[in-house]
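Novice:
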Amino acid sequence: PVPTSPALFLRSGLPFSITCPDFSKCTSLRVGLYAVKIRAEAMQEASEAVPSGMLSVLGQRQSKFAFACLEAQEHCRTRGIENPVCEVSNYLFPDCRVISGHLEALQFLQKNSSKYHFRRTKMLPVSGGFHTSLMEPAVEPLARVLKAIDVKKPLVSVHSNVDGNKYTHARHIQKLLVRQLVSPVKWEQTMHAIYERKKGTAFPQTFEVGPGKQLGTILKSCNLQAWRSYSHVEVLEADEDPEQPL
Numbered sequence: 001p002v003p004t005s006p007a008l009f010l011r012s013g014l015p016f017s018i019t020c021p022d023f024s025k026c027t028s029l030r031v032g033l034y035a036v037k038i039r040a041e042a043m044q045e046a047s048e049a050v051p052s053g054m055l056s057v058l059g060q061r062q063s064k065f066a067f068a069c070l071e072a073q074e075h076c077r078t079r080g081i082e083n084p085v086c087e088v089s090n091y092l093f094p095d096c097r098v099i100s101g102h103l104e105a106l107q108f109l110q111k112n113s114s115k116y117h118f119r120r121t122k123m124l125p126v127s128g129g130f131h132t133s134l135m136e137p138a139v140e141p142l143a144r145v146l147k148a149i150d151v152k153k154p155l156v157s158v159h160s161n162v163d164g165n166k167y168t169h170a171r172h173i174q175k176l177l178v179r180q181l182v183s184p185v186k187w188e189q190t191m192h193a194i195y196e197r198k199k200g201t202a203f204p205q206t207f208e209v210g211p212g213k214q215l216g217t218i219l220k221s222c223n224l225q226a227w228r229s230y231s232h233v234e235v236l237e238a239d240e241d242p243e244q245p246l
């Protein structure tokens, strides 16, 4: 028997999702996908306005992420870039961050990685500096379309990666989906919020559905005890028979 409600990680190609066991109780899939389309187009337009990107950084305990971003911004100013952006855009797990902003700033961080005690850096194959203030032009288009959608409170617990907390009502969902555009993804904090429990309380079974096991790897880095109850669900093609050996 499962001692507590299971946790479910869904890997999706959608930039965001409103998860419900029954779409009719939350919002129609068709309308939801239209909102995703508007969001994607607005983000793409914002990313084309400024040469920007995202840098994955594996650090260590003494890494100075905030200080590094400040010095990268100052470097950009010396190169004539006005209002430079260089911010932590994703908290993956302890000592691992994604930093987004102007390309000039990210290149500066790569060249000076040893100064900030970064163990490894890698540019991500994306078209812009997402989850930073560079996405501000995309806020209004998404806010406008979300106002036209009748979003219901989810039937299951859904956590926002803006602050790691559960959505409390429909308006809360709409507000935080807009904020998500220009706010860092707090995945590490969300893991702590989901799995925090009193000593001696059993952890739930956790299932990651979809290709890859990246979320399980992050969970292992954030909470080893919770990871011990983790399982990955393989993805099968429509014509594959799960009973047949591969």
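Numbering of the sequence shown is given in UniProt numbering, commencing with residue 1 and proceeding in unit increments.
Ideal placement from N, C-alpha and C gives every residue a C-beta, glycine not left out.
Just so we're clear, the structure is a prediction, and the values are computed from it rather than from any experiment.
Could you work out which residue in Ser221, Asn90, Ile99 is closest to Leu55 when comparing CA atoms only?
Specialist: Ile99
Novice: Tell me the rounded alpha-carbon separation between Tyr230 and Gln205.
Specialist: 6 Å
Novice: For Ser52, does the three-state DSSP call read helix, strand or coil?
Specialist: Three-state DSSP puts Ser52 in a strand.
Novice: Return helix, strand or coil for residue 249, following the three-state DSSP convention.
Specialist: Lying outside 1 to 246, the shown extent of the chain, residue 249 is not represented and no answer is given.
Novice: To which residues does DSSP link Ser114 through a beta bridge?
Specialist: Ser114 is not bridged to any residue.
Novice: So, residue 292 versus Gln180, is the Cβ gap smaller than 8 Å?
Specialist: Because the chain here runs from 1 to 246, residue 292 falls outside it and cannot be looked at.
Novice: For the beta strand (DSSP E) holding Arg97, just list the boundary residues, first then last.
Specialist: Counted as a single uninterrupted DSSP element, the beta strand (DSSP E) harbouring Arg97 occupies residues 96-102.
Novice: Along the chain, which unbroken stretches of the beta strand (DSSP E) at least 3 residues long are found entirely within the region 158-190?
Specialist: none
Novice: Would you identify the three-state DSSP class for Thr217, choosing helix, strand or coil?
Specialist: Look at Thr217 here: in three-state DSSP terms it is helix.
Novice: Leaving out the 5 sequence neighbours to the left and right, which residues in its chain are closer than 6 Å to Trp227 when beta-carbon positions are compared?
Specialist: Leu219, Lys220
Novice: Could you tell me the distance, in whole angstroms, from the CA atom of Pro137 to the CA atom of Lys199?
Specialist: 45 Å
Novice: Which residue or residues does DSSP assign as beta-bridge partners of Leu58?
Specialist: Bridge partners of Leu58: Cys96, Arg120.
Novice: Enumerate in chain order the residues of its own chain whose CB-to-CB distance from Val233 is below 6 Å, with the five nearest sequence positions on each side excluded.
Specialist: Leaving aside the five residues that flank Val233 on each side, the residues in its chain whose CB is nearer than 6 Å to its CB run, in chain order, Phe207, Val209.
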